[in-house]
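Taken in order, these protein sequences are the chains called P and B. Heads up, the first sequence is in the numbering used here, so the first residue is 16 and it goes up one at a time. Heads up, the second sequence is in the numbering used here, so the first residue is 130 and it goes up one at a time. In this text, a Cβ means the ideal position worked out from N, Cα and C, and glycines have one as well. Being a predicted model, the structure only gives us computed values, none of them experimental.
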Amino acid sequence: DTAVSQTPKYLVTQMGNDKSIKCEQNLGHDTMYWYKQDSKKFLKIMFSYNNKELIINETVPNRFSPKSPDKAHLNLHINSLELGDSAVYFCASSPRHRDHGYTFGSGTRLTVV
Amino acid sequence: AQKVTQAQTEISVVEKEDVTLDCVYETRDTTYYLFWYKQPPSGELVFLIRRNSFDEQNEISGRYSWNFQKSTSSFNFTITASQVVDSAVYFCALSEATQGAQKLVFGQGTRLTINP
Numbered sequence: 016d017t018a019v020s021q022t023p024k025y026l027v028t029q030m031g032n033d034k035s036i037k038c039e040q041n042l043g044h045d046t047m048y049w050y051k052q053d054s055k056k057f058l059k060i061m062f063s064y065n066n067k068e069l070i071i072n073e074t075v076p077n078r079f080s081p082k083s084p085d086k087a088h089l090n091l092h093i094n095s096l097e098l099g100d101s102a103v104y105f106c107a108s109s110p111r112h113r114d115h116g117y118t119f120g121s122g123t124r125l126t127v128v
Numbered sequence: 130a131q132k133v134t135q136a137q138t139e140i141s142v143v144e145k146e147d148v149t150l151d152c153v154y155e156t157r158d159t160t161y162y163l164f165w166y167k168q169p170p171s172g173e174l175v176f177l178i179r180r181n182s183f184d185e186q187n188e189i190s191g192r193y194s195w196n197f198q199k200s201t202s203s204f205n206f207t208i209t210a211s212q213v214v215d216s217a218v219y220f221c222a223l224s225e226a227t228q229g230a231q232k233l234v235f236g237q238g239t240r241l242t243i244n245p
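#1: List the whole-angstrom C-beta distance separating Ser224 of chain B from Phe176 of chain B, where the pair is believed to meet the contact cut-off of C-beta under 8 Å.
#2: Please list, in chain order, the chain B residues whose beta carbon lies closer than 7 Å to that of Gly116 of chain P.
#3: For a cutoff of 7 Å on Cβ pairs, would you count Asn65 of chain P as touching chain B?
#4: What residue from B:Gly238, B:Ile243, B:Gln135, B:Gln198 has the CA that sits closest to Ser216 of chain B's CA?
#5: Considering only C-alpha positions, which residue in the set B:Ile189, B:Leu174, B:Ser182, B:Ala210 is nearest to Arg157 of chain B?
#6: Please list the segments of the beta strand (DSSP E) lying wholly inside the stretch 145 to 177 of chain B, counting only runs of 3 or more residues, in order along the chain.
#7: At 7 Å on the CB atoms, spell out the chain B contacts of Val103 of chain P, in chain order.
#8: If you draw a straight line from the alpha carbon of Tyr117 of chain P to that of Pro84 of chain P, how long is it in whole angstroms?
#9: Just tell me which of P:Val127, P:Leu91, P:Ser63, P:Tyr48 has its CA closest to the CA of Asp100 of chain P.
#10: Answer with yes or no whether the minimum CB distance from Val153 of chain B to chain P is below 7 Å.
#11: What in chain B is Cβ-close to Ile71 of chain P, meaning under 9 Å?
#12: When the Cα atoms are used, what is the spatial distance from Phe105 of chain P to Lys51 of chain P?
#13: Answer yes or no: does any C-beta atom of chain B fall closer than 7 Å to that of Phe119 of chain P?
#14: If we cut at 7 Å on Cβ distances, does Phe235 of chain B have a partner in chain P?
#15: Compare the beta carbon distance of Arg179 of chain B and Tyr162 of chain B with 7 Å and say whether it is the shorter of the two.
Structure below.
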């Protein structure tokens with residue numbers, strides 16, 4: 016009964032490969048997000064979807080493509096992985112109203128070798 | 130643009146000491162939300178508190194307390210009688226409303242180490 020679940024938890028892959036990270040939330044929230052945490056622990060938003068519509072797209076290489084088949088799922092596909100993509104990726108969700116906070120997933124640690 | 134600054138990169142104290150983590154923010158919004166999150170060594174982000182910009186009351190939850198001062202744009206976090214389990218990276222964040230989403234702008238984080 017995890018609220019926001021991400022899979023896989025760990026992902027080790029070679030440069031040049033394509034990989035996906037999946038995220039699902041069972042909270043009934045309208046909005047989902049992807050955040051990246053780099054090696055210095057800095058957290059920055061990448062994308063946000065509201066009810067399957069992309070509404071935030073920060074300066075992210077177009078090798079990263081989010082996909083939201085429905086409002087409970089937001090997947091992140093990464094093409095042609097590079098060493099610099101190594102990071103922890105967090106999925107999150109929030110309800111429509113701002114007076115409710117985020118719920119984060121447990122993170123996916125991606126290591127590109 | 131919104132910005133959150135946590136000037137203390139690392140803090141190390143001995144168990145049972147009190148410790149305060151500083152957070153200063155910048156925003157042009159009149160309505161905004163401030164958050165603190167804890168990231169223990171296991172890596173997950175643990176929600177600690179959310180504060181509405183209209184509510185300047187300080188909050189206490191057990192050994193944790195928060196001091197919100199709009200006049201100085203600060204939202205500081207104090208742990209009283211620290212314990213080893215408090216060791217973690219702590220993040221302050223500011224919520225920016227964007228087209229129906231809440232974009233969280235995080236500070237750089239403060240790594241807190243509590244030594245036995």
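Well, looking at it:
#1: Taking the first residue of the second sequence as 1, we reach residue 224 of chain B at position 95. Taking the first residue of the second sequence as 1, we reach residue 176 of chain B at position 47. That belief does not hold up - the Cβ atoms of Ser224 of chain B and Phe176 of chain B are roughly 12 Å apart, past 8 Å.
#2: The residue given as residue 116 of chain P occupies position 101 in the first sequence. Within chain B, the residues placing a beta-carbon under 7 Å from that of Gly116 of chain P are Phe164, Phe176, Arg179, ordered along the chain.
#3: On the first sequence, position 50 is the one that residue 65 of chain P refers to. Among the CB atoms of chain B, one or more fall inside 7 Å of the CB of Asn65 of chain P.
#4: Taking the first residue of the second sequence as 1, we reach residue 216 of chain B at position 87. For the residues B:Gly238, B:Ile243, B:Gln135, B:Gln198, the minimum Cα distance to Ser216 of chain B belongs to B:Ile243.
#5: Numbered from 1 along the second sequence, position 28 holds the residue referred to as residue 157 of chain B. Minimum Cα distance to Arg157 of chain B is reached at B:Ser182.
#6: 148 to 150, 153 to 155, 162 to 168
#7: Taking the first residue of the first sequence as 1, we reach residue 103 of chain P at position 88. Contact of Val103 of chain P with chain B by beta-carbon distance below 7 Å involves Gly172.
#8: Taking the first residue of the first sequence as 1, we reach residue 117 of chain P at position 102. Taking the first residue of the first sequence as 1, we reach residue 84 of chain P at position 69. Tyr117 of chain P and Pro84 of chain P: Cα-Cα distance of roughly 21 Å.
#9: Mapped onto the first sequence, residue 100 of chain P falls at position 85. Nearest of P:Val127, P:Leu91, P:Ser63, P:Tyr48 to Asp100 of chain P, Cα basis: P:Val127.
#10: Taking the first residue of the second sequence as position 1, residue 153 of chain B is located at position 24. It does not; no Cβ of chain P falls within 7 Å.
#11: Position 56 of the first sequence, counted from the start, is the residue given in the question as residue 71 of chain P. Against Ile71 of chain P, the close residues of chain B are Thr227, Gln228, Ala230, Lys232, in the order they occur along the chain (beta-carbon pairs closer than 9 Å).
#12: Stepping through the first sequence from its first residue, residue 105 of chain P is reached at position 90. Stepping through the first sequence from its first residue, residue 51 of chain P is reached at position 36. Going by the C-alpha atoms only, they are around 6 Å apart.
#13: Position 104 of the first sequence, counted from the start, is the residue given in the question as residue 119 of chain P. Yes, its Cβ sits closer than 7 Å to a Cβ of chain B.
#14: The residue you call residue 235 of chain B lines up with position 106 of the second sequence. Yes, because at least one Cβ of chain P sits closer than 7 Å to the Cβ of Phe235 of chain B.
#15: To locate residue 179 of chain B, count along the second sequence from 1; it is residue 50. To locate residue 162 of chain B, count along the second sequence from 1; it is residue 33. Taking 7 Å as the Cβ cut-off, Arg179 of chain B and Tyr162 of chain B qualify as a contacting pair.
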